[in-house]
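In the working numbering, the protein residues as written are -15 to 92.
Ideal Cβ placement from N, Cα and C applies to all residues, glycine included.
Predicted model, so just to flag it, every value in this text is computed and none were measured.
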């Protein structure tokens, strides 16, 4: 198993402007961490123009109703306690050591 062994997470109805989500079986930045359930990586460009474009898009986003099913129908990822997420710009590096930690779900 490798932390570059990316498996696409299928999220029907996900807005194509949102970054794709991948699942990996392990991640070297999490070695020695006790509770690790799912490890996700979102891949996105981090150059200035791409970041500006994403910010403009995100500024106009509206969260779906609080209903869990509505979030899932909107193509959003449901994360649970013990899930971690990293961001990766594959145009800059595919080395997991360069991934940026962005989310840890600790509980409800």
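When secondary structure is reduced to three states using DSSP, residue 88 falls in the strand class. Taking C-beta separations shorter than 6 Å and ignoring five residues to either side along the sequence, the partners of residue 71 in its chain run 26, 84 and 86, following chain order. Annotation: residue 71 is outside any alpha helix (DSSP H); the continuous beta strand (DSSP E) that includes it extends over 68 to 72. A check of alpha carbon separations from residue -4 across 68, 60 and 77 identifies 60 as the nearest.
Counting C-beta pairs closer than 8 Å gives fewer than three between the stretch 39 to 56 and the stretch 11 to 30, which falls short of the contact rule.
The beta carbon of residue 76 lies closer than 6 Å to none in the same chain, with the five residues before and after it left out.
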